[in-house]
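Chemist: Let me give you the structure first, and then I'll get to my questions.
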Amino acid sequence: MTEPDIKKGLAGVTVDYTAVSKVNPETNSLLYRGYPVQELAATQSFEAVAYLLWYGELPTDAQLAAFVAEERADRTLDENVKQAIDLVPLTAHPMDVLRTAVSLAGASDPAAFDNSRESDLAKSKRLFAKLPAMVAYDQRRRRGQELIDPREDLDYSQNFLWMTFGEIPDPVVAHAFNVSMILYAEHSFNASTFTARVITSTIADLYSAVVGAIGALKGPLHGGANEAVMHIFDEIGSAENVSPWLDTALAEKRKIMGFGHRVYKHGDSRVPTMKAALDTLVDHYDAPDLAALYDTLESEFVSRKGIYPNLDYPSGPSYNLMGFDTQTFTPLFVASRVTGWTAHIMEQAASNALIRPLSAYNGPDERHIPGYVPDAEAE
Ligand code: CMC
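Each residue of the sequence shown is one higher than the one before, counting from 1162 in the numbering used here.
Following this line, the structure appears as structure tokens:
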């Protein structure tokens, strides 16, 4: 019998075409619909990038104005979703809160079963507009604070920060947040996006696919890494502790969160852009100690293991400086990645094939229940 060619973790397996984004580890580039992500981060709003991912082209001024008006008018947290969030115990992780809130939002949508592109676009835009309120409110209630209403005079990033902290953000902070949202938006067939495509391939609805993707993103090998980076920073404390801390962590064969990538082996194409944004935040908040810890851990780990930082490494400390609670970091990733997920959901639906791979059995040989006699009539 020939041994099956198993690719554990689907590593190196190409499963389908996508026109949404292209990751090229050889040239260290990431393109959204053909545009380098660095160029998008330098020139575009997250709203324009969301539009690009869904429609395949950047919006004209008129198209962007229409989309932005729609988004601003749809930001308010629905009362039933607010009540559902209130019911989730504070011991639950914010990702569980988000999974519940999105699930309820989907269950409340009478068009949930309409899988047409037009309906899925409307749902994608609704989730895009509503997620900031869900994320911001959950952080606030954990701090014993009230929900803050959205402001239509603020753009997406400004409003997100406003709803979380109740202050109009400094332009440096709003810009860094916008950059992070653009960089997190899309990354081809990562685990959560693939999860969304698997669910879509059964012709389930868009909300089910997004809820499943939230579950996949939660883990520390994927989106949960941005939170885990901050836990590591807290554990290490300061730059002078990096060396002994690394000695112990590596001896214990711990994974150092925020480093390594399944696809990029020579550095993540998004890191320099996010690191530049982090640098502006370090200056703005006067946080040289955090910068020293960041630089020391990076240089020591890279020189010892030759494994480079991924996007979660600069984004975790950036969200920390902005004032987000550590547990809120991965929900921020959701608010961004919902754009890529939904672009992939619509792409999968447009040329669907049920995703159903094979497995190779390595359990016990066929065996039988002692004393069982097959019923001849039923056979
Ligand atoms: N710390 C320590 N060792 C590592 C790390 C790390 N962060 N990453 C990889 N390695 C080692 C790993 O132990 C293995 O060593 P050995 O061959 O001796 O067993 C070798 O490098 C290959 O690692 P792998 O886990 O087989 O590689 P992979 O391609 O399956 O894993 C990864 C990629 C992201 C799961 C892994 O690098 C990792 O666990 N990183 C830490 C978690 C993290 O930062 N995740 C975010 C990923 S990127 C953004 C996102 O999706 O959110």
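Heads up, the beta-carbon is just placed ideally off N, CA and C, and yes, glycines get one too. Since the model is a prediction, treat every value here as computed from it, not as a measurement.
Does the ligand CMC have even one heavy atom less than 6 Å from the beta-carbon of M1383?
Modeler: The sequence shown places His at residue 1383, not Met. Yes; taking the cut-off as 6 Å, the Cβ of H1383 has a heavy atom of the ligand CMC nearer than that.
Chemist: Between which two residues does the beta strand (DSSP E) holding L1191 run?
Modeler: Per DSSP, L1191 belongs to the beta strand (DSSP E) from 1190-1193.
Chemist: Out of E1527, A1337, A1357, which has the shortest C-alpha to C-alpha gap to K1436?
Modeler: Closest option to K1436, Cα to Cα, is A1337.
Chemist: List the DSSP bridge partners of Y1196.
Modeler: According to DSSP, which records beta bridges pairwise, Y1196 is partnered with Y1193.
Chemist: At 4 residues or longer, what runs of the alpha helix (DSSP H) sit wholly inside the segment 1464-1518?
Modeler: The segment 1464-1518 contains these whole alpha helix (DSSP H) runs: 1473-1483, 1490-1511.
Chemist: With 16 other CB atoms within 10 Å as the buried threshold, where does K1379 fall?
Modeler: Answer is buried; the Cβ neighbour count reaches 16.
Chemist: On the three-state DSSP scale, how would you describe F1326?
Modeler: Looking at F1326 - three-state DSSP - the assignment turns out to be helix.
Chemist: Counting pairs of Cβ atoms below 8 Å between the segment 1508-1516 and the segment 1182-1200, do you hit three or more?
Modeler: Short answer: they don't touch.
Chemist: Per the contact definition of three or more C-beta pairs closer than 8 Å, is the segment 1339-1356 in contact with the segment 1254-1269?
Modeler: Result no; under three Cβ-Cβ pairs closer than 8 Å.
Chemist: From which residue to which residue does the beta strand (DSSP E) around N1185 run?
Modeler: 1182-1185 is the span of the beta strand (DSSP E), which, as asked, contains N1185.
Chemist: So T1261 packs on V1249, CB below 8 Å; how close in whole Å?
Modeler: Going by Cβ atoms, the distance from T1261 to V1249 rounds to 6 Å, so yes, they are a contact pair.
Chemist: Would you mind sorting R1465 into buried or exposed? The rule is 16 or more other CB atoms within 10 Å of its CB.
Modeler: Answer is exposed; the Cβ neighbour count stays below 16.
Chemist: Tell me whether F1350 is buried or exposed, calling it buried when 16 or more other Cβ atoms sit within 10 Å of its Cβ.
Modeler: With 16 or more other Cβ atoms within 10 Å, it is buried.
Chemist: Would you check if the distance between the CB atom of V1296 and the CB atom of P1492 is smaller than 7 Å?
Modeler: Yes. Within cutoff.
Chemist: Return helix, strand or coil for F1420, following the three-state DSSP convention.
Modeler: If DSSP states are grouped into helix, strand and coil, F1420 belongs with the strands.
Chemist: Along the chain, which unbroken stretches of the alpha helix (DSSP H) at least 4 residues long are found entirely within the segment 1322-1406?
Modeler: Runs found: 1332-1345, 1352-1362, 1367-1379, 1386-1397.
Chemist: State yes or no: is the C-beta of V1390 within less than 7 Å of the C-beta of D1473?
Modeler: Yes, the Cβ-Cβ distance between V1390 and D1473 is below 7 Å.
Chemist: Within 10 angstroms of its Cβ, does D1166 collect 16 or more other Cβ (buried), or is it exposed?
Modeler: D1166 comes out exposed.
Chemist: What separation, rounded to the nearest whole angstrom, lies between the Cα atoms of V1333 and L1482?
Modeler: So the two alpha carbons sit approximately 12 Å from each other.
Chemist: When the Cβ atoms of the segment 1406-1424 are set against those of the segment 1455-1462, are three or more pairs found closer than 8 Å?
Modeler: Yes: at least three Cβ pairs fall under 8 Å.
Chemist: Counting C-beta neighbours from all protein chains within 10 Å, is the total for Y1533 16 or more, i.e. buried, or is it exposed?
Modeler: Classification for Y1533: exposed.
Chemist: In chain order, what residues of the same chain have a beta carbon less than 8 Å from the beta carbon of E1571, not counting five sequence neighbours either side?
Modeler: With the chain represented from 1162 up to 1540, any question about residue 1571 goes unanswered, as that position is not in the structure.
Chemist: Just mark N1320 as buried or exposed, buried being the case when its beta carbon has 16 or more other beta carbons within 10 Å.
Modeler: Label assigned to N1320: buried.
Chemist: Straight-line CA distance for Q1306 to A1290?
Modeler: If you take the alpha carbons of Q1306 and A1290, they lie about 22 Å apart.
Chemist: State yes or no: is the C-beta of T1500 within less than 7 Å of the C-beta of A1283?
Modeler: In this structure, A1283 does not lie closer than 7 Å to T1500 by Cβ.
Chemist: What separation, rounded to the nearest whole angstrom, lies between the Cα atoms of H1254 and H1529?
Modeler: Roughly 45 Å separates the two Cα atoms.
Chemist: Measure from the alpha carbon of Y1193 to the alpha carbon of each residue in A1510, A1504, S1520, then state which is nearest.
Modeler: The residue with the shortest Cα to Cα distance from Y1193 is A1504.
Chemist: State the DSSP-derived secondary structure class of K1414, mapped to helix, strand or coil.
Modeler: Looking at K1414 - three-state DSSP - the assignment turns out to be coil, as it is neither helix nor strand.
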